[in-house]
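With the first letter of the sequence shown counted as 1, position 45 gets the number 45 in my numbering; the numbers rise by one all the way through. A virtual CB, placed ideally from N, CA and C, is assigned to each residue, including glycine. In what follows, a single structure is set out as C-alpha cells and then discussed.
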Amino acid sequence: MLVHARAYLMPLRHPVHFFAAATSGFGVNMLAILVIKLSSSLTLK
Numbered sequence: 001m002l003v004h005a006r007a008y009l010m011p012l013r014h015p016v017h018f019f020a021a022a023t024s025g026f027g028v029n030m031l032a033i034l035v036i037k038l039s040s041s042l043t044l045k
C-alpha cells in the first residue's frame, strides 16, 4: 500500500516541513541534554 500510493515520495514533495520537523526534534534533544548536564541527572529522576 505504501509503494502503491507512492507515500515514500512525501519528503521530496514537502522538504521544508520534513526539515523543520527534523531540526526541531534535534533542538529538543539538545536542550534536554543541556538541562540534564546543568541540573544534574538526579534532579530529573
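Does DSSP put residue i in a helix, a strand or coil?
i, result
"Val-3", "coil"
"His-14", "coil"
"Ser-40", "coil"
With a CB to CB cut of under 7 Å and the five nearest residues on each side skipped, what residues in its chain are close to residue i?
i, result
"Met-30", "none"
"Ile-33", "none"
"Ser-39", "none"
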